[in-house]
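Colleague: Line order of the protein sequences matches chains E and A.
So in this note's numbering, spot 175 of the first sequence is number 175, and the numbers just go up one at a time.
So in this note's numbering, spot 79 of the second sequence is number 79, and the numbers just go up one at a time.
The beta carbon of each residue, even a glycine, is placed where N, CA and C say it ideally should be.
This structure is in structure tokens; I'll ask about it shortly.
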Amino acid sequence: MAEESIYGPYRPELEKIQKELLDDINSLREEIKAKNGMDPVEHCLSRIKDEDSMREKCVRKGLPVTTESALTKIYDAVGIRVVCAFVDDIYKFRDHLIALPGAEVVEEKDYIKHAKPNGYRSYHMILRMHGKFYAEIQLRTISQDTWAALEHHIRYKHDISKSNEELIASELKRCADELASTDLSMQTIRDMIFEENKRTDGSESK
Amino acid sequence: MKLLLAEDTRDLNRAETAILTHEGYDVTSAYDGQEALDYLEEDSFDAVILDIMMPKVDGIGVLKAMRENNILTPVLLLTAKTEVDDKVAGLDAGADDYLAKPFDMRELLARVRALVRRGREYNPQDMSFGDVSLKANEMELSCENSVRLSIREFELMQMLMIHADGELSTDDILQKIWASEPEANEDTVWLYISYLKRKLSAIDSGLTIEGERGGNFKLLDTQAA
């Protein structure tokens, strides 16, 4: 072996946490699918942070590059991103995850109710599993995910002149606010269809 | 209230400027059509008074240039001509009103008041109610967070804010906002009310909209005592 892992001998434990969280997400996903016939999750990504990024993050945070830093000072060794179809589903996953036995909420940031000044929206939380290791979970809708991806492309593939910076920032914010508005409209339309189906199902005896 | 006055007859320009200023308007005076266009380019006004017969660019020319540039500020034309053709040409070019010379100053003031009043309806102002602000140019609804509204949502929100002290019926709303769309019905209104309710909640506002499908609606501040 060339170099010892930043995670020491604990990688299998991290993978176990990752699987535990994914299993929990999948169980709610199946439950909702069975109930209304639609998969609430558009896609779900998960990863153990790769060795180089973890080392680089330790350095950036001014921490010693050790297994201890990686597992107890940095919280995203295990990272999961759940991309949902609708805003309401995000909160269902949030509630389900915090009720998972052995999960303890260390930090929660609702950037959906309180968007970042640049327009970024997402639900972030850090869970400590079984009193030991941490996982970072990001929950967002398809359009929040789209905005984040496109914003990244626009900002990182091109140099933005100082004079344009303000205009571009305010326009990207506008796009985020428009997408958020569309998300809410589509959720409202879905709810209306559900309501209608419920009413007609109720009045028709089979 | 900012007015632009374009009148080439020096004495008349001075007299009109003095009386309008005395009434409390902030008056910018131009002595020919080109000067008026220059002012319009660098500033915005609540109403514009244009003499038709002016050197360089006449009043109709200024008016046409304004409308071509999407400057929708209300315009009052002053004309020495009493020919019907000129009045028709002026109104068709986008004027909101005209006044034939010679005129009584009291009539000028009354017409300017009417023009400014209408202008306020054309150009909606920013509004706020409870913890929510509604920005007209951006069509932005904001509290802790902000979202952008569609034109119909914006108009409905504005109508609810204006009439917050009373109730709006589904019919009132259809007639005002969906006047040009006969296919719109109570379900359309209910869907748009539902959009706004959800968006108010998403920006973490204490406002909500009371009322049921097909019924009356009222904006309610749940945080107000």
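Per DSSP, what are the beta-bridge partners of histidine 124 of chain E in this structure?
Modeller: The partner list for histidine 124 of chain E (beta bridge, DSSP) reads E:Lys109, E:Gln138.
Colleague: When you compare each of A:Ser142, A:Asn216, A:Glu181, A:Val27 to leucine 160 of chain A by their alpha carbons, which one comes out closest?
Modeller: Of the listed residues, the one whose Cα sits closest to leucine 160 of chain A is A:Asn216.
Colleague: Residues of the region 181-199 of chain A in Cβ contact with chain E at a cutoff of 7 Å, in chain order, please.
Modeller: The residues in question are Leu191, Ser194, Tyr195, Arg198, Lys199.
Colleague: Please report the distance separating the alpha-carbon of threonine 17 of chain A from that of leucine 5 of chain A.
Modeller: Roughly 8 Å separates the two Cα atoms.
Colleague: So for aspartate 97 of chain A, helix, strand or coil by DSSP?
Modeller: Of the three classes helix, strand and coil, the one that applies to aspartate 97 of chain A here is strand, per DSSP.
Colleague: Closer than 9 Å by beta-carbon distance: list the chain E residues that pair up with valine 204 of chain A, in chain order.
Modeller: The question names valine, yet the displayed sequence has aspartate at residue 204 of chain A. Chain E residues near aspartate 204 of chain A: Lys113, His114.
Colleague: Report the rounded CA-to-CA distance for alanine 164 of chain A versus glutamate 153 of chain A, giving the unit in angstroms.
Modeller: Rounded to whole angstroms, alanine 164 of chain A to glutamate 153 of chain A spans 16 Å at the Cα level.
Colleague: With distances taken between CB atoms, is the gap from valine 116 of chain A to serine 181 of chain E smaller than 8 Å?
Modeller: Their beta carbons are not under 8 Å apart, which means valine 116 of chain A does not touch serine 181 of chain E by this criterion.
Colleague: Can you name the residues that DSSP bridges to aspartate 244 of chain A?
Modeller: What the structure shows of chain A is the stretch from 1 to 225, and residue 244 of chain A is not part of that stretch, so it cannot be assessed.
Colleague: Run through DSSP, which three-state label would isoleucine 203 of chain A get?
Modeller: Three-state result, isoleucine 203 of chain A: coil.
Colleague: Return no unless some Cβ of chain A is closer than 8 Å to the Cβ of leucine 246 of chain E.
Modeller: Residue 246 of chain E is absent from the structure shown; chain E starts at 1 and stops at 206.
Colleague: Find the nearest neighbour of tyrosine 75 of chain E within the set E:Asn26, E:Cys175, E:Phe86, E:Ile17, judged by alpha-carbon distance.
Modeller: Per the Cα distances, E:Ile17.
Colleague: Any idea which residues DSSP pairs cysteine 44 of chain E with across the strands?
Modeller: Paired residue(s): E:Val82.
Colleague: If the criterion is Cβ atoms closer than 8 Å, does the pair methionine 105 of chain A and isoleucine 209 of chain A meet it?
Modeller: Taking 8 Å as the Cβ cut-off, methionine 105 of chain A and isoleucine 209 of chain A do not qualify as a contacting pair.
Colleague: Which bits of chain A does glutamate 166 of chain E rub up against, with CB to CB less than 7 Å?
Modeller: In chain order: nothing, as chain A lies at least about 15 Å away.
Colleague: If we ignore side chains and look at the alpha-carbon of each, how far apart do threonine 188 of chain A and glutamine 187 of chain E end up?
Modeller: When rounded, the distance between both Cα atoms is 16 Å.
Colleague: Using the C-alpha atoms, what's the distance from tyrosine 31 of chain A back to arginine 10 of chain A?
Modeller: Distance between the alpha carbons of arginine 10 of chain A and tyrosine 31 of chain A: 8 Å.
Colleague: Do you know whose CA, among E:Leu45, E:Glu31, E:Ser46, lies nearest aspartate 39 of chain E's CA?
Modeller: Checked all of E:Leu45, E:Glu31, E:Ser46; the closest Cα to aspartate 39 of chain E is E:Glu31.
Colleague: Taking C-beta pairs closer than 7 Å, name the residues in chain A that arginine 174 of chain E reaches, listed in chain order.
Modeller: Chain A residues near arginine 174 of chain E: Arg148.
Colleague: Show which residues of chain E have a CB atom less than 9 Å away from the CB atom of glutamate 140 of chain A.
Modeller: Result: Arg174, Asp177.
Colleague: Leaving out five residues on either side along the sequence, give the residues of the same chain with a beta carbon under 6 Å from the beta carbon of arginine 81 of chain E.
Modeller: Here the set comprises Leu45, Gln138.
Colleague: With DSSP as the reference, label phenylalanine 129 of chain A as helix, strand or coil.
Modeller: It is a strand residue.
Colleague: Mind listing, in chain order, the continuous beta strand (DSSP E) runs of no fewer than 3 residues lying wholly within the region 130-214 of chain A?
Modeller: Runs found: 132-135, 140-142, 146-148, 207-210.
Colleague: Show which residues of chain E have a CB atom less than 7 Å away from the CB atom of asparagine 145 of chain A.
Modeller: Those are Lys113, His114, Ala115, listed as they occur along chain E.
Colleague: CB aspartate 272 of chain A to CB isoleucine 52 of chain A, shorter than 8 Å?
Modeller: Because chain A spans 1 through 225 in this model, residue 272 of chain A falls outside it and cannot be assessed.
Colleague: Please check if any C-beta of chain A sits within less than 8 Å of the C-beta of alanine 34 of chain E.
Modeller: With 8 Å as the cut-off, alanine 34 of chain E does not count as an interface residue toward chain A.
Colleague: Kindly list the residues whose CB is nearer than 8 Å to the CB of valine 65 of chain E, restricted to its own chain and excluding five residues on each side of it in sequence; keep chain order.
Modeller: Hits under 8 Å: Ile6, Arg55, Cys58, Val59.
Colleague: Could you name the residues that DSSP lists as bridge partners for lysine 218 of chain A?
Modeller: Bridge partners of lysine 218 of chain A: A:Glu210.
Colleague: Just to make sure I have the definition right: I need the residues of chain A whose C-beta is within less than 8 Å of the C-beta of glutamine 144 of chain E. Which are they?
Modeller: Within 8 Å Cβ-Cβ: nothing; glutamine 144 of chain E doesn't reach chain A, min ~12 Å.
Colleague: If arginine 113 of chain A sits next to leucine 184 of chain E, beta carbons under 8 Å apart, how far is it from one beta carbon to the other, in whole angstroms?
Modeller: About 41 Å separates the two Cβ atoms, so there is no contact after all.
Colleague: Per DSSP, alanine 103 of chain E is paired with what?
Modeller: Paired residue(s): E:Met129.
Colleague: Do arginine 111 of chain A and leucine 76 of chain A have their C-beta atoms closer together than 8 Å?
Modeller: Contact: yes.
Colleague: Could you say which of A:Gln223, A:Lys64, A:Ser128 lies nearest to glycine 206 of chain A if we only look at CA atoms?
Modeller: Checking every option, the nearest Cα to that of glycine 206 of chain A belongs to A:Gln223.
Colleague: Do tyrosine 123 of chain E and isoleucine 90 of chain E have their CB atoms nearer than 8 Å?
Modeller: The answer is yes: Cβ separation under 8 Å.
Colleague: Could you have a look at leucine 5 of chain A and say whether DSSP puts it in helix, strand or coil?
Modeller: It is a strand residue.
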